[in-house]
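> So for the sequence shown, this note's numbering puts the first residue at 15; every next one is plus one.
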Amino acid sequence: MLCTHPAGAITDHTVRGYDREAVRYAWRGACLECQRGVVGVTSVSSALPPDRLHATLTGELMAYLGVSRLGA
Numbered sequence: 015m016l017c018t019h020p021a022g023a024i025t026d027h028t029v030r031g032y033d034r035e036a037v038r039y040a041w042r043g044a045c046l047e048c049q050r051g052v053v054g055v056t057s058v059s060s061a062l063p064p065d066r067l068h069a070t071l072t073g074e075l076m077a078y079l080g081v082s083r084l085g086a
């Protein structure tokens, strides 16, 4: 049976670059159903609060897995 990637989670992230306006994060995540691993790099505003950072990274993971996260 093919996984439809219904949900995923960020398992790890670290700062890979920084300037006054942006922070570049390297991150790892996985599908919670089939455990397919994904790695990525995402740049965000340096003023982004931690809760929005996690939501942004999770959104990147879901986009990679092909999952629509309406309302996220």
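We treat Cβ as the ideally placed atom computed from N, Cα and C, and that holds for glycine. Note that the structure is a prediction, hence the values are computed from the model and not measured.
Going straight from the alpha carbon of residue 87 to that of residue 76, what length do you get?
The chain is shown only over 15 to 86; residue 87 falls outside these bounds and no answer can be derived.
> Given residue 68, which residues of its chain have a CB within under 8 angstroms of its CB, disregarding the five upstream and five downstream residues?
Along the sequence shown, one-based indexing puts residue 68 at 54. Closer than 8 angstroms at the Cβ level, and outside the excluded window around residue 68, lie 24.
> Can you tell me which of the three DSSP states residue 73 falls into?
On the sequence shown, residue 73 is found 59 positions in, with the first residue counted as 1. The answer is helix: DSSP assigns residue 73 an H, G or I state.
> Evaluate residue 74 with the Cβ neighbour count: other Cβ atoms within 10 Å of its Cβ, from every protein chain shown; 16 or more gives buried, anything less gives exposed.
Here residue 74 is taken as the residue at index 60 of the sequence shown, counted from 1. Per the 10 Å Cβ criterion, buried.
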